[in-house]
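Protein chains in written order, with the working numbering: chain A, 10 to 306; chain B, 587 to 830.
Note that beta-carbon positions come from the ideal geometry of N, C-alpha and C, so glycine has one too.
Notes to accompany the following structure.
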Amino acid sequence: MSAGIEARNVTLRYGDTTAVDSVSFNLKPGTIHGLIGRNGSGKTSLLSVIAAFRKATSGQVLFDGEPVWENPQAVRRICFIRGSGDTVAADWPSDRVSDAVSLAAAFRPEWDSEYAAKLIDRFRLNTRAHISKMSQGQRSALGVVLGLASRCPLTIFDETYLGMDAPSRYVFYEELLADYLAHPRTFVVSTHLIEEVASLFEEVAILDRGRLLLQEDVERLRSRGASITGPAGEVDQLAELLTVLSSRQLGPTRSVTVYGDLDPDLVRRARAVGLELGPISLQDLFVHLTEPERTTV
Amino acid sequence: MTGNDRMSITRHRISIEGRGTFVLWIPFVLLAAAVTGLIATFSEITTSGWEKWTQLPRWYAGAIGFYMTWMYLPVYIAHGRTRREFVREAPGAIIVLSGILAALVAAGFAIEAVAYRAAGWPQTLTSTHLFSSPTDFALILVEYWLAFLVWIVAGTFLGAAFYRQPGFGLLLVPVALMLVTVMEAALGDDGTISALPPVIQLFDLTPQGASLFRALGTAAVCTVIGYGLTWSLARELPMRRKPA
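Written out as structure tokens, the structure reads:
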């Protein structure tokens with residue numbers, strides 16, 4: 010099932026404000042992509058254009074080579090979940106979870122009712138519950154149900170975890186991964202909780218001030234830096250040669266996160282003096298790339 | 587696999603609003619009967635009460651149209667439908683729903699005819715209509731079908747305007763009122779249009795001029811203009827973010 014996305018110079022403006030600025034990228038089909046960025050970086054705006062929720066001011070988004078805007082064949086296969094707000098007509102106090110599920114079942118060609126029932130059970134949602142009386146976390150969980158059970162070839166979750174407690178968030182991540190393995194398709198997950206979801210991502214795109222900073226395979230991205238832990242003196246000596254993103258000390262032990270490729274000589278030298286080398290955390294990398302002035306060199 | 591694609595928006599709207607209309611109609615008729623009964627205790631009943639009550643379904647029709655674009659168009663987009671599909675499929679629902687409302691109004695006249703006959707009251711009409719008798723059900727159906735059609739269309743137009751920007755919607759209220767007023771004038775005057783007499787004078791659509799031909803023509807023009815305006819607002823409608 011192919012579900013590749015191509016953005017070509019996508020720009021989205023709201024009046025004088027440029028939310029997305031000439032963004033171009035390709036999203037590989039059958040992959041879980043992470044879209045990360047700071048508040049106001051343009052993530053939701055970009056995803057809105059991908060899902061044809063908004064028309065780009067200029068440029069276009071192609072889904073399997075076809076423009077998405079006002080294209081029935083394309084939008085049928087895209088499910089964009091922002092919380093649960095858009096996909097639920099919670100217009101009357103009497104609207105229930107079962108109404109939201111019926112609506113999705115009526116409109117989503119690949120809807121899986123059994124899976125929806127299983128997810129409702131896992132998130133401990135009550136189908137008779139009034140949506141207007143549900144907490145934000147429960148509404149977010151309902152959004153996850155609607156997104157996953159839609160089985161859309163391209164499913165996008167935009168900060169869908171909002172208000173969800175930790176157990177519910179972990180259910181979301183588990184189900185996302187399990188369903189992806191059982192029914193491979195393309196997911197885009199936009200999030201602030203980078204470390205919590207990082208293990209799901211195969212590719213990551215970082216957006217900053219409306220521009221695409223980078224888009225890379227997660228493993229490759231992580232190899233752009235490293236964490237070095239060991240005696241403070243030894244660590245400092247090595248760190249002098251590198252860009253330090255963060256540094257922590259506990260007693261005589263120091264741990265630094267460094268950015269940049271470690272050449273083999275440096276790695277050998279570090280190991281020779283007993284330093285431990287580990288992968289860089291995606292969060293440290295994200296902070297460095299989006300706010301380099303925070304970096305301690 | 588579920589999710590039948592063919593005219594899914596039409597079927598969904600008819601199912602939701604049609605069911606709601608039937609549910610509301612019963613208490614509405616009971617309320618009208620109760621008020622008539624109350625009036626009869628201290629005054630003589632000489633005219634059709636139902637004729638006056640038909641004002642409310644017009645506003646209800648407008649609300650159906652408003653809701654169609656303001657609430658449900660974004661929901662359909664979120665569920666993978668295009669704006670163009672909505673604009674193409676909604677007219678089917680508008681025609682059926684206005685027909686259901688018109689049939690219920692005609693049924694109201696029929697119920698009233700039976701009740702008035704039993705009570706010995708005259709069911710006199712006080713306004714000009716396409717129909718001259720409260721039992722002329724064919725013309726009653728036509729008149730209200732056309733009226734509700736334009737009211738719903740005007741509602742879709744206003745709903746789209748309010749969704750885009752509430753202030754913009756407010757500015758366009760007179761345009762929507764103009765559409766329904768011109769339509770009401772072509773159907774005769776049962777009190778709906780008295781608020782905007784200059785419009786009637788401008789188009790010379792006096793109540794005495796009501797005729798089936800004029801009503802059909804006016805409904806066609808108002809519907810095309812109103813729905814054209816709806817399309818102009820909906821065709822690039824940006825989805826606003828709703829709270830989760």
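Residue from GLY678/B, ALA762/B and ALA696/B whose Cα sits closest to the Cα of GLY812/B: Considering only alpha carbons, the answer is ALA762/B.
Helix, strand or coil at LEU725/B according to DSSP, with G and I counted as helix: helix
LEU294/A (DSSP reduced to helix, strand or coil): helix
Beta-carbon proximity check, SER684/B vs PHE614/B, cutoff 8 Å: Taking 8 Å as the Cβ cut-off, SER684/B and PHE614/B do not qualify as a contacting pair.
Inter-residue spacing [alpha-carbon to alpha-carbon] between HIS715/B and TRP817/B: 31 Å
Listed by chain order, chain A residues near MET654/B by CB distance under 7 Å: Simply none; closest approach about 11 Å.
Closest residue to THR767/B among TYR749/B, VAL739/B and LEU756/B (Cα-Cα distance): The shortest C-alpha to C-alpha distance from THR767/B to any of TYR749/B, VAL739/B and LEU756/B is the one to VAL739/B.
Short Cβ contact (8 Å threshold) for THR200/A with LEU163/A: Taking 8 Å as the Cβ cut-off, THR200/A and LEU163/A do not qualify as a contacting pair.
Under 8 Å by beta carbon: chain B residues contacting ILE87/A: The contacting residues are GLY666.
ILE663/B at chain A interface by Cβ criterion, 8 Å: A Cβ of chain A is located within less than 8 Å of the beta carbon of ILE663/B.
Cβ-based neighbour list, GLU204/A, same chain, cut-off 8 Å, excluding 5 preceding and 5 following: SER290, LEU291 and GLN292
Residues from the stretch 100 to 124 of chain A in contact with chain B, defined by Cβ distance under 9 Å: ASP100, LEU112, ALA113, ALA114, ALA115, PHE116, ARG117, PRO118, GLU119, TRP120, ASP121 and SER122
VAL58/A and VAL29/A closer than 8 Å at C-beta: yes
For GLN751/B, three-class secondary structure by DSSP: Note: GLN751/B maps to coil in three-state DSSP.
Limits of the alpha helix (DSSP H) - the one that SER684/B falls within: 669 to 705
Simplified DSSP assignment, three categories, for TYR658/B: helix
GLU211/A beta carbon less than 8 Å from that of VAL227/A: yes
Three-state class that DSSP yields for ASP328/A in the structure shown: There is simply no residue 328/A to check, as chain A begins at 10 and stops at 306 in what is shown.
Residue-chain proximity (TYR268/A, chain B), Cβ-Cβ < 8 Å: False, the Cβ-Cβ gap to chain B never drops below 8 Å.
C-beta contact flag for ILE686/B and GLY623/B at 8 Å: Taking C-beta atoms as the reference points, ILE686/B and GLY623/B fail to come closer than 8 Å.
Stretch pair the stretch 648 to 659 of chain B + the stretch 68 to 77 of chain A: three plus CB contacts closer than 8 Å: no
Where VAL253/A falls, given that 16 or more other Cβ within 10 Å makes a residue buried: buried
For GLU79/A, the three-state DSSP class (helix, strand or coil): coil
Neighbour flag for SER232/A against chain B, beta carbons, 8 Å: no
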